[in-house]
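See below for the structure under consideration.
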Amino acid sequence: MPATDDRQDSPAPASAPGRTPQTDPRALAARILSLPHPGPGLAAADDVLVDLVAVGDDGPGLAAHLAADQRARGLLVGAIANAPFLRDLMRGRPGMVLGILTTSPEARMDGLIARLRACGDGSEAEVMAELRRVKREAALLIALADLGGVWQLFEVTGALTRLADASVSAALRFLLGEAARQGKFQPPDPADPEAGSGLVVLGMGKQGAGELNYSSDIDLIVFYDTDRAPLAEGVEPATFFVRLIRRMVRILQDRTADGYAFRTDLRLRPDPGATAVAISLAAAFQYYESIGQNWERAALIKARPCAGDIAVGQHFLKEIAPFVWRKYLDYASIRDIHSIKRQIHAVKGHGRVAVAGHNLKLGRGGIREIEFFVQTQQLIAGGRLPELRGRETVPMLYALARLGWLDGATRDAMADDYVFLRRVEHRIQMVNDEQTHTLPETPDGLDRIARLSGFRSREDFAPALMERLKRVSGHYEDLFDQEPSLSGASATWSSPATRTTRKRWRPCAASASSAPRR
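Quick note: the sequence shown uses our numbering, first residue 84, plus one each step.
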């Protein structure tokens, strides 16, 4: 992003007479627990700070704060030295940086979300600019709260998800409001055009689960209810909603001088090669009931209404539940589950556990294996056990343990490994704001990720990472040591944890054998 002034970013709070910003115990700077080591970039980072505090009216205030608070200064130096994207977010914006350091990150995030809720009354260009300004500040706020140990993983992913939800909602609210002013759309409440609109946006994947990545696209599915949509006479629902969603995508992801808000992917919808970007509920139900696939069942586990008419989204999830959560397991389901596993294994680089160049999402021992470990058991038993119908990965590990599908040691190890891998994944992405999950190949690149992750160097980082990758891979392979038959007679489940899971599969398999055939 180009360097610019921060006059349109959230201002730094004024200090009361005789009181310094550091005295607020909820301020980000007062809660710093960890500092990334700057490494060889220390001198260059110092130069960036010198330039930053020389800008505008807020520069001296930031300089005074950093002189009095060496931990805050160390946090900025470590971020600037290792992450060019974060460096560029700070450049030319001392007021924004000072405000982030001297206010509560929770309150600051609430203020950013409020700005998104209030931005629907301007022009399309103004809405786009505000979405990008808010994203810019939130990206720096979240990164500093993360790197400084102020927020733990789920506070980070929760803030990223709230930002995405509010951005989608702001774009949608602007477009529906514009259509209302043009007489094409007649909302029950003009002040809240999303409510009762008949149009719902489902957040999928990590957004649906509230676990969004630092630099991630957002996976969305859009449905509309033709009976509920308050369109003016003569307005054809399919044409209206498809055009609206295409514009929503442009508002969110087109790059401008201010950057972009969110890259948007609509390909998880039914039959994306043949269907429009917005689909009627009737067509969606017909698709899932007739030719819906098991991978779509897995995807819908995490579906959550995130914008638009939330009541329509809740209705859809209620009606589609029998498709996702089947009481009986059949042979085709078992085969498809293992087919998904084979597709994961087919990813380049999955055959080995490594550090340099390893894909932390799709590689062996990576994040996807933990997610699939959970989702497999959700698909198998969720129809009988409503406690397994949650969206979030770690809470579902705990649910599996409570129900006796995992022992406590396995649950704790996988939860800890998931948190570690997700934190490293975020640091890979915040270096250059890239949607990548792959560790650098070069020693210098690995050193940078190691320092951002709280290690001194790659030599300290590599053993800790390898230990976790191997442990995850072991649990994942134990779950699928041999493909179990429905009778439960042929598979070998070697670890105590997966022997427990094995026992739990048997009643599901037996019920599948006696399930009524359609």
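Glycine included, every Cβ here is placed at the ideal spot set by N, Cα and C.
Whole-number beta carbon distance between residue j and residue i, since they are thought to touch under 8 Å
i, j, result
"L532", "R510", "For the record, residue 532 in the displayed sequence is Ile; it is not Leu. Their Cβ separation, rounded to whole angstroms, is 6 Å, which keeps I532 and R510 in contact under 8 Å."
"S252", "F345", "Incorrect: roughly 12 Å between the Cβ atoms, too far for contact."
"L116", "A162", "Between A162 and L116 the Cβ distance is about 15 Å, and since that is not below 8 Å, they are no contact."
"G203", "R256", "4 Å"
"R494", "L480", "5 Å"
"F306", "L364", "5 Å"
"R541", "P526", "6 Å"
"V136", "A146", "4 Å"
"R176", "Y343", "With a Cβ gap of about 18 Å, R176 and Y343 do not count as contacting."
"A164", "A127", "7 Å"
"S298", "Q518", "5 Å"
"E508", "I463", "Contact flag wrong, Cβ pair sits at about 27 Å."
"Y371", "I403", "6 Å"
Same chain, Cβ closer than 6 Å to residue i, neighbours up to 5 away in sequence not counted
i, result
"L351", "M287, D302, I304 and A382"
"S573", "Confidence in S573 is poor, its pLDDT being 35 and thus under 50, which makes the residue's placement unreliable; the coordinate value appears in the next sentence. Excluding positions up to five away in sequence, the list is empty."
"V318", "K267"
"D229", "V239"
"A292", "K385, R474 and E475"
"A254", "M331, I334 and L335"
Collapsed DSSP secondary structure at residue i in the structure displayed
i, result
"A113", "helix"
"V283", "strand"
"I301", "strand"
"P388", "strand"
"D130", "helix"
"F345", "coil"
"S206", "coil"
"Y307", "strand"
"S540", "coil"
"L314", "strand"
"N442", "strand"
"T358", "coil"
"S363", "strand"
"T339", "strand"
"T521", "strand"
"R506", "helix"
Beta-carbon proximity list for residue i, same chain, < 7 Å, skipping 5 on both sides
i, result
"A222", "L172"
"L258", "L327, R330 and M331"
"L295", "T240, L243, T244, A247 and K289"
"A436", "For the sequence presented, residue 436 should be read as Val rather than Ala. The residues are R447, G448, M549, L552, K553 and S556."
"M211", "I334 and T339"
"Q458", "A381 and I384"
"L522", "V438, A439, G440, H441, L443, I511, L529 and I532"
"E470", "A482 and L486"
"Q105", "The pLDDT assigned to Q105 is 48, lower than 50, so where the model puts this residue is not dependable; a value taken from the coordinates is nonetheless given after this. Excluding sequence neighbours, Q105 sits near A112, A113, A151 and D152."
"K410", "G466 and R467"
Residue j beta carbon less than 9 Å from that of residue i
i, j, result
"R191", "G182", "yes"
"V514", "L535", "yes"
"A312", "L335", "no"
"D392", "E277", "yes"
"G466", "W378", "no"
"L285", "G396", "yes"
"A359", "F399", "no"
"T186", "D272", "no"
"A361", "A321", "yes"
"G231", "L118", "yes"
"F168", "D500", "no"
Nonlocal neighbours in the same chain, by C-beta distance under 8 Å from residue i, ignoring five residues either side
i, result
"E189", "R109"
"Q376", "D419"
"Y559", "G448, E452, I453, F455 and F456"
"D348", "D300, I301, D302 and L303"
"D337", "M211 and Y343"
"V233", "L111, R114, I115, L116, P188 and L227"
ask   = Using 8 Å as the Cβ pair cut-off and three pairs as the minimum, do the region 537-546 and the region 482-493 touch?
value = Short answer: they don't touch.
request  = Answer yes if the region 139-156 comes into contact with the region 192-204, meaning at least three C-beta pairs across the two stretches below 8 Å, and no otherwise.
outcome  = Between the region 192-204 and the region 139-156 there are fewer than three inter-stretch CB-CB distances shorter than 8 Å, so the stretches are not counted as touching.
ask   = Between the region 260-280 and the region 350-366, do three or more beta carbon pairs fall short of 8 Å?
value = With the cut-off at 8 Å, the region 260-280 and the region 350-366 do not touch.
task = Would you check if the region 111-118 and the region 154-165 touch, i.e. whether three or more CB-CB distances between them fall below 8 Å?
result = Three or more pairs of CB atoms, one per stretch, sit closer than 8 Å, so the region 154-165 contacts the region 111-118.
Cβ pair count under 8 Å reaching 3, the region 368-388 against the region 462-474 = Inter-segment contact for the region 368-388 and the region 462-474 is present: three or more beta-carbon pairs are separated by less than 8 Å.
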